[in-house]
Structures are given as structure tokens and as C-alpha cells.
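In what follows, a single structure is set out as C-alpha cells and then discussed.
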Amino acid sequence: MKKVAVNASRVYDIIIDKGILDKSGELAAEVLKTPCAAAILTDSNVAPLYLERLEKSLQSAGFSAVSYVIPAGEGSKCAENYLAFLSFLAKNNITRADCIFALGGGVVGDLAGFCAATYLRGVNFIQIPTTLLAMVDSSVGGKTAIDIPEGKNLVGAFYQPSLVICDCETLDTLPDNIFNDGCAEVIKYGIISDRPLFDKLRTTPIKEQLEDVIENCVRDKRDVVNADERDVGIRQLLNLGHTAAHSIEALSNYEVSHGSAVAIGMAIISRAANKMGLCPDSDLVEILDILSAYQLPTSCDFDAHSLDEAALSDKKRSGDKISLIIPFGIGNSQIYKVDVSELEGIFEKGL
Ligand SMILES: NC(=O)c1ccc[n+]([C@@H]2O[C@H](COP(=O)([O-])OP(=O)(O)OC[C@H]3O[C@@H](n4cnc5c(N)ncnc54)[C@H](O)[C@@H]3O)[C@@H](O)[C@H]2O)c1
Ligand SMILES: [Zn+2]
540 MKKVAVNASR VYDIIIDKGI LDKSGELAAE VLKTPCAAAI LTDSNVAPLY
590 LERLEKSLQS AGFSAVSYVI PAGEGSKCAE NYLAFLSFLA KNNITRADCI
640 FALGGGVVGD LAGFCAATYL RGVNFIQIPT TLLAMVDSSV GGKTAIDIPE
690 GKNLVGAFYQ PSLVICDCET LDTLPDNIFN DGCAEVIKYG IISDRPLFDK
740 LRTTPIKEQL EDVIENCVRD KRDVVNADER DVGIRQLLNL GHTAAHSIEA
790 LSNYEVSHGS AVAIGMAIIS RAANKMGLCP DSDLVEILDI LSAYQLPTSC
840 DFDAHSLDEA ALSDKKRSGD KISLIIPFGI GNSQIYKVDV SELEGIFEKG
890 L
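Just so you know, my numbering puts 751 at position 212 of the sequence shown, and the rest follows in order with no gaps.
And the structure:
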């Protein structure tokens with residue numbers, strides 16, 4: 540069993556092991572001090588695979604459990620499901636002494652987390668991520684959110700869980716394309732600040748070293764979150780490749796998945812950094828090679844002008860400057876502020 544401690548506004552552990560789903564009840568009882576009512580949020584793909592095991596584990600540790608299943612997919616991270624789950628909590632008399640459990644990928648985690656942050660002004664929250672992306676990224680760091688028609692993740696809160704339980708065995712049932720999406724975020728940590736991780740990913744497939752890789756990524760994200768929980772400084776490094784990625788996702792009407800878009804975004808910014816004389820040739824080649832080795836795309840059909848327009852309409856942008864994350868080499872990415880007028884030219888260099 541691997542354990543990573545997070546020291547954010549709440550101190551909590553991320554536990555990583557195989558088969559640990561069946562121990563969720565015991566682990567939760569230790570953290571919550573006493574068993575209580577558990578309100579589980581999960582989705583329609585995950586429920587038939589893992590919900591019964593979680594309910595059983597909670598019940599045998601003394602919890603009472605009620606479960607709410609949303610349809611799988613990003614469309615479920617919406618205001619309607621937010622309100623519906625809040626009503627479900629109220630109808631089941633969930634109080635501040637109780638706990639919300641998120642069993643699923645980032646969609647379930649983000650929605651459950653935002654409900655936990657706001658229901659009764661905050662109730663206990665435990666994440667049980669079941670996608671690689673959720674294990675290495677969305678369940679760490681306390682960002683919770685829902686989407687509104689005007690944009691993704693526009694409504695949310697910083698709200699840390701009390702515990703994160705990663706059962707690597709649950710990844711066995713992930714479709715390959717969704718697993719590969721998570722690989723893009725794993726590779727991202729290597730390019731940002733972790734050359735040894737990057738090298739490990741090149742020599743051994745992620746699937747053959749899951750626990751180690753998840754622990755490594757969680758530690759990397761934890762370090763960034765400990766230093767900048769509210770995303771006003773170095774947490775922005777985690778956005779490597781994401782400026783172009785968000786444009787690609789939007790321009791494709793979300794047909795291109797997040798992980799694929801991030802892979803393309805990292806390739807674009809790495810090629811641009813190379814042309815700007817900031818990233819050495821050998822590092823660029825290694826970045827493009829590793830993305831291909833994990834069956835991730837490195838190019839798209841959108842032109843620089845469209846990518847630029849989509850990026851500039853991003854509601855979360857502030858002022859005339861945009862922060863880009865530039866790989867000055869593998870393991871050495873830095874925040875680089877550019878004028879918005881320069882962005883199209885940078886995309887052009889990277890395509
Ligand atoms: N909070 C954060 O810091 C943060 C960071 C990154 C991404 N996100 C959010 O995360 C979401 C994406 O997360 P995701 O990629 O996990 O998507 P997701 O939750 O939609 O899961 C992807 C698919 O995998 C299925 N699935 C989940 N676990 C499975 C399993 N073990 N076996 C079989 N199928 C399984 C789901 O039903 C879904 O169809 C986005 O909404 C994004 O905004 C949040
Ligand atoms: Zn991402």
C-alpha cells in the first residue's frame with residue numbers, strides 16, 4: 540500500500556493499492572472517526588462494476604449507504620444533476636456528520652465534490668477515483684466544478700476531500716482510449732518537472748508500473764498544490780498543453796477527448812518552444828516520440844487562427860496577457876507570459 544499525504548487547507552492521505560476498494564469502509568471509518576451515513580455518487584458505467592463492492596465494504600464497517608447513479612459522460616456534470624443530487628441528500632437526511640463518496644472518473648468526482656462543498660455549507664467527502672485521469676489529476680488538489688452551457692467548469696469551489704482511495708485494479712475495466720487519455724496527463728507531469736518519471740514512462744509501459752506511476756504523479760501534483768492551492772501561481776504549470784487543448788476540444792465540439800487534446804496541445808507548445816529557441820531538438824523529439832508510443836495524437840486539422848480565437852474566448856482568461864506553460868526541456872517547464880496578440884503566431888509555430 541502506498542500513501543501520499545497532502546498538506547493543503549485540509550490534511551489528508553491518498554492511498555494507492557490493488558484491490559483496496561473492498562477496504563474502503565475500514566479506511567473511511569478511520570478517517571471519519573466514526574461510521575455514519577454514506578451517500579455515494581457514481582455513474583451508469585461504474586455502478587454495475589463496482590458499486591455493490593463499495594456498498595458492502597461500507598456496510599460491513601458500520602456505515603449505512605445510499606447511492607445515486609448519473610448517466611456516464613461529461614453531460615452529467617451539469618446544474619440539473621447538481622440540484623438533483625442535493626435533493627437526494629436532503630431527502631435521505633444526510634447531515635454534516637455524514638459523508639459523500641465519489642465513485643468514478645473526473646465527472647463524478649467534480650460533481651460530488653461540488654455538492655460536498657456546498658450542501659449544508661460543506662460535508663465530508665471521500666474520492667474513490669476509477670479512471671487513470673481521476674487518480675493522477677482530478678481527485679488530487681480539491682478543485683470541484685460543474686459545467687454550464689456557457690462553458691466547462693465555470694462554477695465550482697476549492698474543496699479538499701478527507702481521503703482519496705485509488706484501487707489500481709479498477710483500471711482493468713477501462714476502455715483503452717480512456718486509459719490512454721490518462722496517460723497524456725501522466726506524461727505531462729514528466730515534461731513539467733519530473734525527468735526521472737519521463738524516463739520511466741519511456742522504458743516501461745505505464746500499465747506495467749501502475750502503482751508507482753500513480754504515486755509519482757500524485758506526489759508531483761501534491762507538491763504543486765501544497766505550494767499554490769488556489770491556483771494563483773505555480774499550479775498553473777499543470778496547464779501545460781491545455782491552452783491549445785481547450786481550443787481543440789471546443790472546436791471539435793468535444794469529439795476530441797481531453798487526453799488526446801492535451802497530447803496535441805503539448806506537442807504544439809513543444810514544437811513552438813523549439814522554434815523559439817527555448818526547447819532543445821532532442822527534448823522535442825523525445826516528447827513527440829513518447830506521445831506516439833502511448834498512441835496519443837500530436838497534430839490536428841485546426842489552423843492557428845481558429846485555435847487562437849477559441850483560446851481568447853475562454854471565459855477564464857484575464858486581461859491582455861496569457862500565461863503559457865513552456866517546456867524549456869523535459870522536466871523544466873515554466874510559466875511564460877505573452878501578450879494575447881502573440882498567441883496566434885505561437886500556435887502557428889507549433890502546428
Ligand atoms: N478537478 C480537477 O482538478 C480536474 C482535473 C482534470 C480533469 N477534471 C475533470 O475530469 C473530467 C474527466 O474525467 P474522466 O476522464 O475520468 O472522465 P469520466 O468521469 O467521464 O470517465 C470517463 C469514462 O470512463 C468510464 N469509467 C470510469 N471508470 C471506469 C472503470 N473503472 N471501468 C470502466 N469504465 C469506467 C466513465 O463511465 C466514463 O464513461 C472532466 O469533467 C474534467 O473537467 C477535473
Ligand atoms: Zn487536463
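Beta carbons are placed, not taken as given, at the ideal position from N, Cα and C, and that holds for glycine.
Meets three-Cβ-pair contact criterion under 8 Å: the stretch 715-729 and the stretch 747-758: yes
For residue 670, the three-state DSSP class (helix, strand or coil): coil
Rounded straight-line distance, which links the Cα of residue 849 to that of residue 693: 16 Å
Spatial neighbours of residue 583 in its chain, beta-carbon cut-off 8 Å, leaving aside the 5 residues before and after: 608, 609, 610, 611
Cβ neighbour criterion (16 or more within 10 Å) applied to residue 674: buried
Distance between residue 837 and residue 870 (C-alpha atoms, nearest Å): 19 Å
Option in 840, 678, 737, 812 with minimal Cα separation from residue 787: 840
Given 8 Å, three or more beta-carbon pairs between the stretch 643-658 and the stretch 555-571: no
Host alpha helix (DSSP H) of residue 542 (start-end): Careful: residue 542 lies outside any alpha helix (DSSP H), inside the beta strand (DSSP E) at 541-546.
Cβ-Cβ distance between residue 891 and residue 771 below 9 Å: In the structure as shown, the chain starts at 540 and stops at 890, and residue 891 therefore has no counterpart that could be examined.
Bridge partners - residue 620, DSSP secondary structure assignment: None, per the DSSP bridge assignment.
Unbroken beta strand (DSSP E) run spanning residue 556, endpoints: 550-556
Residues near residue 714 in its chain [Cβ-Cβ closer than 6 Å; skip 5 each side]: none
Residue burial classification, residue 542 (beta-carbon count within 10 angstroms, cutoff 16): exposed
Backbone CA spacing between residue 708 and residue 648 [nearest angstrom]: 18 Å
Residue range of the unbroken alpha helix (DSSP H) whose run includes residue 804: 797-814
Euclidean distance between Cα positions of residue 824 and residue 813: 10 Å
Status (buried if at least 16 other CB within 10 Å, exposed otherwise) for residue 820: exposed
For residue 640 and residue 580, the rounded distance between their alpha carbons: 6 Å
Given 8 Å, three or more beta-carbon pairs between the stretch 797-817 and the stretch 863-883: yes
Residues that DSSP places opposite residue 630 in a beta bridge: According to DSSP, residue 630 bridges with nothing at all.
Closer than 8 Å: residue 649 CB and nearest ligand 2 heavy atom: no
Exposure of residue 810, with buried meaning 16 or more beta-carbon neighbours within 10 Å: buried
Spatial neighbours of residue 883 in its chain, beta-carbon cut-off 7 Å, leaving aside the 5 residues before and after: 843, 844, 847
Straight-line Cα distance separating residue 743 from residue 660: 45 Å
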